[in-house]
Structures are given as structure tokens and as C-alpha cells.
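Those protein sequences? They're chains U and Y, same order as listed.
For the first sequence, the positions run 10 to 208 when our numbering is used.
For the second sequence, the positions run 75 to 290 when our numbering is used.
Below: one structure, written as C-alpha cells.
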Amino acid sequence: MYAVMELADRRKDEEKQRLEALFRSFITRVAQNRDRQAFAQLFDHFAPRLKSFMMRKNTSAELAEDLVQEAMIAVWTKAAMYEPSKGSVTTWVFTIARNLRIDRIRRDVHMPTTELGDYDEPSDAPEGEELLGRKQEDGLVARALQSIPEEQRQILVLSFVEEIPQSEIATRLSIPLGTVKSRMRLAYGHLRRILETGL
Amino acid sequence: MKPNHHLDDSTLLAYAAGTLDEAFSVVAASHVAVCPACRGAVRAAEALGGELLDSVGGASVSDDCRSRTFAALEQAGLYRLPVAAPRPAFPRALAQFLPVASLDDLAWKKKAPGVAVFDVKLPASARGQLKLLRIGAGRAMPEHGHGGEEITMVLMGAYVDHMGRFAAGDVADLDEDIEHRPVVEQDGDCICLVATERPTRFKSLAARIMQPFVGI
Ligand SMILES: [Zn+2]
């Protein structure tokens with residue numbers, strides 16, 4: 010049973026790596042040749058995910074599609090800025106969507122968020138940062154997410170997918186804020202351990 | 075600059091998820107910009123966001139949305155990196171809210187001997203308060219527990235408290251119940267950027283009397 014699961018996991022990892030390599034090649038084609046076919050492939054993969062991602066946050070289907078459109082156009086215009094060493098294409102798309110949604114909700118507030126490769130300070134990137142893209146591609150981040158306790162995973166979903174602030178998560182789950190934070194710390198510690206040891 | 079005191083992991087995750095209150099995210103972004111360790115940590119946290127985006131499953135996208143997107147590509151210009159402006163004396167995340175070139179040019183409000191405050195004006199809808207605090211060399215801040223969440227980043231000078239020495243780039247990302255009594259080092263003023271949820275409560279009577287003046 011265990012061996013079967015391991016095999017399934019490895020298949021999943023391989024599939025992930027294959028997809029990620031494909032996305033990277035599409036991004037390159039968009040960046041270098043304004044390749045609409047490559048863009049169409051990216052659209053067909055990411056647009057439905059982005060829509061469902063946007064709709065998880067009390068957003069109407071209509072607004073969600075507006076945001077999908079904006080996010081995908083940003084993928085088109087910013088393709089040349091994508092840096093594979095700093096994260097997967099999926100992560101990059103996530104940061105674009107996150108920033109768009111923040112801008113849209115608080116039109117008058119320019120929140121200081123960051124996109125991959127966006128930092129204005131000299132990039133004395135530590136090895137850890139450069140290696141992350143690889144590790145994510147190798148399925149380590151996905152593995153971390155699969156292996157954390159449900160109560161920590163729930164907090165991550167509420168934060169990253171539903172974008173609910175920690176204090177509100179505490180209210181919603183009827184637990185102290187300190188518990189929300191400690192679950193976040195545990196979840197992050199778990200991720201870090203897996204990224205560092207590769208296990 | 076290699077900071078020694080960092081953001082709490084829960085703050086890093088909230089920052090990466092985009093759920094941190096605006097005042098706090100200005101401080102977080104200011105620290106992340108100068109801290110390779112926290113920058114790497116934000117990347118890792120964003121990767122969690124990427125995996126979660128991957129796992130939410132898809133919702134069907136209308137043909138209309140698809141065709142509108144493709145039609146818009148014609149007009150969509152290429153994104154160009156903004157021309158790098160000379161680096162300001164303070165973090166860019168903060169610079170957008172400060173209409174001055176140097177922290178010395180701010181209209182500091184004297185609150186007590188050796189203590190001056192500048193309220194950073196955030197947009198009306200922003201959550202949390204953001205202040206700059208300028209404490210004179212050798213001065214102690216009143217002892218206080220935190221009435222709520224608080225993150226402090228040192229922009230200039232240094233102070234020492236029971237947690238150690240905090241110099242430019244360092245952040246104190248404290249739990250509510252920790253009390254501290256920072257003392258500024260002798261060789262110059264210390265300027266800190268402080269994000270709070272609501273007014274900080276001071277502990278001692280003298281401090282409580284001072285609170286309306288210090289207003290922190
Ligand atoms: Zn740091």
C-alpha cells in the first residue's frame with residue numbers, strides 16, 4: 010500500500026515537472042515572440058484556476074472574470090520579467106493574482122506587495138532563494154502541503170485562497186489569535202524543514 | 075545591511091498571502107527589501123500560495139472572457155521596469171507615503187523631551203496605524219505592554235532592550251503580551267517605523283500620564 014502511494018506520488022511529481030517545464034517554455038515564447046498559441050495554452054490552464062481562486066473570496070462570477078482577464082493580460086505583458094530561479098510559473102501567476110485582487114479591493118491603497126523579481130534593492134539573493142524554484146518544481150512544496158496536519162492546512166487555505174486576515178480567521182474558527190499564529194508558524198516550519206532536508 | 079532581528083513566520087505568511095493590514099505590510103515590505111533571509115522566506119510562502127492556486131480546481135471560463143482577453147492583447151503594451159530612481163534614504167515601501175527626500179525634512183511633532191512623532195498618512199481605507207518615532211540618544215521609551223499587534227523597524231540609529239540590540243533594518247515583531255523598555259544608544263537618535271493596530275497602552279502610571287503626549 011505504502012509503495013503504491015509512493016509510486017503515485019512520484020508520478021505526480023514527474024507530471025508536475027513536465028507541466029512546469031512546459032509552462033516555462035510557453036512563457037519564454039510569449040516573452041520573446043509574442044506567441045499567441047503559447048499564450049492560449051497558458052490561458053487554458055490558468056484562467057479556470059484563477060477564476061475559481063477569485064471566486065473563493067466572495068467575488069461575483071463577473072468580477073472574477075474581469076480579474077482573470079487582467080491577470081492573464083499581466084502574464085502577457087510581464088512574461089519577460091518572470092525569473093524561473095525564484096519560483097514556479099504557478100507561483101508567479103499566484104503573486105500576480107494576489108496583487109491584482111488587493112489593488113481591486115482597495116483601489117485607493119497601493120499595497121506594497123511584491124512580485125517575483127520585483128525587488129528594487131540590489132539582489133544579493135541567498136542561495137536559498139535561488140534554489141527555491143527548483144525545489145518547488147521537484148514537488149517539495151506540494152509534498153509539504155500534503156503532509157501537514159489538517160488544522161494547519163485549513164489556516165493556509167483561509168489565508169492564501171480566501172485571503173482572510175488572521176484575526177478574522179480566529180473569529181471564524183472560534184480560536185484565539187495566538188492559536189492561528191502558532192498554527193501558521195508550525196505550517197511554515199514544516200515547509201522549511203521539507204525544503205531544507207528534501208524529505 | 076544584514077538584519078539580525080526578523081519578522082515572525084506568521085507575519086511572513088500573512089504578508090505573502092496578502093492579508094496583512096496595510097500599516098503592517100509597509101513595515102514588512104521595508105524589512106523584506108533589506109533582508110535576504112526574509113525575502114527567501116516570503117518566496118517560500120508564496121510558493122505555498124502557488125501550490126494552493128494549483129489545487130483549487132478550475133471553474134469554467136466564459137468564451138466572452140476568453141475572447142475579450144485575446145482582443146486586449148493587441149493593445150496591451152509591454153510592461154517596462156520603471157526607471158530606477160536614486161535610492162531614497164528610507165525604504166521605498168514607505169517612501170510612497172512620505173512627501174520628503176529626507177527624514178529630517180518631516181514635520182516632527184515633539185511629544186516629550188527627546189521624543190518626537192510623525193504620523194504617516196495612509197489612505198483612508200487602510201487598516202492599522204503607521205508612525206515614525208524619533209527618540210533621542212540615551213533616552214528610554216516608557217515601559218509598555220502592547221495593546222495589540224505591533225511591528226517596529228529601526229530605520230536609523232539603534233536601541234537595546236531585553237531582546238538585544240536593534241539597529242537599522244532590524245524588526246521587533248512582538249507578541250501582545252511581551253513588555254519591553256527600549257533604550258536608545260548613546261551615539262545618536264533612533265528613528266523607528268512602528269505599525270500598530272490600536273493605541274498602545276502604557277503600563278506605569280507615569281507612562282499612562284504621558285501617553286496622551288507621546289501618543290504611541
Ligand atoms: Zn529578516
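All C-beta atoms, glycine included, are put in the ideal place defined by N, C-alpha and C.
A residue is called buried when at least 16 other Cβ atoms come within 10 angstroms of its Cβ; K190(U) meets this threshold and is buried. Flagged as an interface residue toward chain U: G132(Y), by a C-beta distance shorter than 8 Å. Pairing W85(U) with F48(U) gives a Cβ-Cβ distance under 8 Å. Taken in chain order, the complete alpha helix (DSSP H) segments of 4 residues or longer contained in the stretch 107-131 of chain Y are 110-129. Here G238(Y) is exposed: its Cβ has fewer than 16 other Cβ atoms, across all protein chains shown, within 10 Å. The beta carbon of Y91(U) sits closer than 6 Å to those of I36, W101, all from its chain and outside the five residues before and after it, given in chain order. For G96(U), the residues of chain Y that pass the 8 Å Cβ criterion are R117, E120, A121, G124, in the order they occur in the chain. DSSP places T270(Y) in the strand class (E or B) of the three-state scheme. At a Cβ-Cβ threshold of 8 Å, Q175(U) and L186(U) count as neighbours. Relative to the non-hydrogen atoms of ligand 1, the Cβ of C139(Y) never comes closer than 7 Å to any of them. Of all residues in the stretch 151-163 of chain U, only A151, L154 place a beta-carbon less than 7 Å from a beta-carbon of chain Y. Residues of chain Y with a Cβ closer than 8 Å to the Cβ of G198(U) are, in chain order, D83.
Under a 10 Å Cβ-count criterion, L206(Y) is classified as buried, with 16 or more other Cβ atoms of the shown protein chains found around its own Cβ. For G198(U), there is no enclosing beta strand (DSSP E); the enclosing alpha helix (DSSP H) has its first and last residue at 186-206. Remark: C-beta atoms of E74(U) and V135(Y) approach each other more closely than 8 Å.
Take V108(Y), set aside five residues on each side of it, and the residues of its chain with a beta-carbon closer than 8 Å to its own are M75, P77, P165, G243, in chain order. The stretch 111-123 of chain Y makes no contact with the stretch 138-149 of chain Y, as fewer than three CB pairs between them are under 8 Å.
Partner residues in the beta bridge of G238(Y), as assigned by DSSP, are D235(Y). The three-state secondary structure of D247(Y), taken from DSSP, is strand.
For the pair E271(Y) and E223(Y), the Cα-to-Cα distance works out to about 6 Å. The shortest CA-to-CA distance from T68(U) to any of I111(U), R27(U), E160(U) is the one to I111(U).
The beta-carbon of R27(U) is placed no less than 8 Å from the nearest beta-carbon of chain Y. When the five nearest sequence neighbours on each side are left out, the beta carbons in the same chain lying within less than 7 Å of the beta carbon of G188(Y) are those of I209, G210, R213, in order along the chain. Separation of the CB atoms of T99(U) and G92(Y) is rounded to 16 Å, and the pair is thereby denied contact status at 8 Å. It is roughly 19 Å from the alpha-carbon of R152(U) to the alpha-carbon of S94(U).
Against L109(U), chain Y offers no close residue; the least beta-carbon distance is about 10 Å (beta-carbon pairs closer than 8 Å). Under the DSSP assignment, R43(U) falls outside any alpha helix (DSSP H); it carries neither an H nor an E label. For the options A88(U), G198(U), S97(U), M64(U), the alpha carbon positioned closest to that of N42(U) is the one of A88(U).
Here K95(U) carries a helix assignment [DSSP, helix/strand/coil]. Counting every other CB atom within 10 Å of its CB across the protein chains shown gives E205(U) a total below 16, marking it as exposed. D95(Y) and L16(U) have their C-alpha atoms some 43 Å from each other. In the DSSP assignment, T226(Y) falls within the beta strand (DSSP E) that extends over 224-230.
Distances from the CB of P174(U) to the heavy atoms of ligand 1 are all 7 Å or more.
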